[in-house]
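Taking it in order: structure first as C-alpha cells, then the write-up.
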Amino acid sequence: MYTEIKELVNFLALFLHERLPRRKVCLFSEQLANFLLLKYQEKWVISDPKMYEDDRILRIKAKGVTDNLIEVSATSTGVDLRELIGYITSSLVIYCNPGEVFYRVEEGSIAVPIWMGSVDEDDHYKPNPVVPLAIGSGGSNMGAAGRPHLPVPVAGRCDSSGNLRATDRTVPLSLVKENSELPLPVNGDRTLGTVIHFVGSMKNDFCFSVLW
Numbered sequence: 001m002y003t004e005i006k007e008l009v010n011f012l013a014l015f016l017h018e019r020l021p022r023r024k025v026c027l028f029s030e031q032l033a034n035f036l037l038l039k040y041q042e043k044w045v046i047s048d049p050k051m052y053e054d055d056r057i058l059r060i061k062a063k064g065v066t067d068n069l070i071e072v073s074a075t076s077t078g079v080d081l082r083e084l085i086g087y088i089t090s091s092l093v094i095y096c097n098p099g100e101v102f103y104r105v106e107e108g109s110i111a112v113p114i115w116m117g118s119v120d121e122d123d124h125y126k127p128n129p130v131v132p133l134a135i136g137s138g139g140s141n142m143g144a145a146g147r148p149h150l151p152v153p154v155a156g157r158c159d160s161s162g163n164l165r166a167t168d169r170t171v172p173l174s175l176v177k178e179n180s181e182l183p184l185p186v187n188g189d190r191t192l193g194t195v196i197h198f199v200g201s202m203k204n205d206f207c208f209s210v211l212w
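Going by full-length UniProt numbering, the first residue of the sequence shown is number 1, and it counts up by one from there.
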C-alpha cells in the first residue's frame with residue numbers, strides 16, 4: 001500500500017514541478033499520501049486486489065468534481081487549490097489497487113497504467129518513486145492518452161538530453177514509525193500539514209514523511 005500511494009502522489013506531482021515551489025510540492029504530496037493511507041488502510045486486501053476498488057478512486061476534475069482529499073491537502077499546506085487544479089491538464093480518475101496504479105481520463109474510458117508491480121512490494125519499500133523516471137524517459141507508459149503536459153524545466157536543472165533531473169521531479173517519501181523524531185524542512189517548520197498529525201492515527205506501523 002505504501003508503494004502504491006507513493007507512486008500515485010508522485011504521478012500527480014509531475015504536473016506541479018517547476019510550477020509550484022518544490023517545498024510546497026513536497027508538503028502537499030506528503031499530506032495527500034498520509035490522507036490516502038488513512039483512507040485505504042481498512043480497505044486494502046492483497047489476496048483480492050480488486051476488492052474495494054471503488055472506495056480507493058481519487059477523482060480530479062472528473063465531471064467537475066475533485067476529491068475532498070485534494071482540497072484538504074492543498075489548503076492545509078498553503079497551496080492554492082484553484083492554482084493546483086489548473087496545472088492538471090485534464091480530468092483524472094485514478095485507481096489504486098494492490099500491485100497497480102492506473103488512471104482513466106473519465107470513468108469507463110481506457111485504463112492507462114501509472115505503475116505496476118508485486119502486491120507485496122512494500123516488503124522492499126524504497127522512498128524514491130519509479131513512475132516519474134519512466135514517464136520522463138524517452139519511452140512513455142502513458143498509453144493511448146499520451147504524456148501529461150509537464151512544465152518546461154528551467155535552465156541548469158536539466159541533464160544533457162534536456163530532461164529534468166530525477167531528483168527535481170520526484171518526491172522521495174520515507175516511512176516514519178510512531179514516536180519517531182521527524183526531520184524538518186531545511187527552510188523552516190512544517191505547516192499544518194505536518195506528518196505529526198497522523199502519528200497515532202495510523203493502524204499501520206508507519207506513515208509518510210518527505211525525505212529532505
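We treat Cβ as the ideally placed atom computed from N, Cα and C, and that holds for glycine.
Query: Report the residue from 169, 110, 86, 28 whose alpha carbon sits nearest the alpha carbon of residue 18.; Result: 169
Query: My guess is that residue 129 and residue 98 are in contact by the Cβ rule of under 8 Å, so how many angstroms apart are they, rounded?; Result: Going by Cβ atoms, the distance from residue 129 to residue 98 rounds to 17 Å, so no, they are not a contact pair.
Query: Hey, out of 29, 56, 105, whose CA is closest to residue 43's CA?; Result: 56
Query: Would you tell me roughly how many angstroms separate the C-alpha atoms of residue 205 and residue 108, rounded to the nearest one?; Result: 36 Å
Query: Let me check one thing: in DSSP terms, what residues is residue 221 bridge-paired to?; Result: As displayed, the chain neither begins before 1 nor continues past 212, which places residue 221 out of reach and without an answer.
Query: Assuming residue 94 contacts residue 36 (C-beta within less than 8 Å), just tell me the rounded distance between them.; Result: Not a contact, Cβ separation roughly 10 Å.
Query: Following the continuous beta strand (DSSP E) through residue 97, name the residue where it begins and the one where it ends.; Result: 92-97
Query: Return the residue from the list 4, 26, 72 that minimises the CA-CA distance to residue 14.; Result: 26
Query: Please state whether the Cβ-Cβ distance between residue 241 and residue 173 is less than 7 Å.; Result: Any question about residue 241 goes unanswered here, given that the chain covers just 1 to 212.
Query: Label residue 47 either buried or exposed according to how many other C-beta atoms from any shown protein chain fall within 10 Å of its C-beta, with 16 as the threshold for buried.; Result: exposed
Query: Flag this pair as yes or no: are the beta carbons of residue 209 and residue 176 separated by less than 7 Å?; Result: yes
Query: Just to confirm my understanding: we take residue 87, look at its own chain, exclude 5 residues before and 5 after, and list those with CB closer than 7 Å. What are they?; Result: 15, 16, 19
Query: Excluding sequence positions up to five away, which residues of its chain have a Cβ less than 7 Å from the Cβ of residue 91?; Result: 60, 61, 62, 105, 106
Query: For a test of the three-state rule: what should DSSP assign to residue 38, helix, strand or coil?; Result: helix
Query: Rounding to the nearest angstrom, what Cα-Cα distance links residue 137 and residue 96 in this structure?; Result: Legend: pLDDT at residue 137 = 41, less than 50; position of this residue unreliable, value from coordinates given subsequently. About 23 Å.
Query: Should residue 118 go down as buried or exposed, given a rule of 16 or more other Cβ atoms within 10 Å for buried?; Result: exposed
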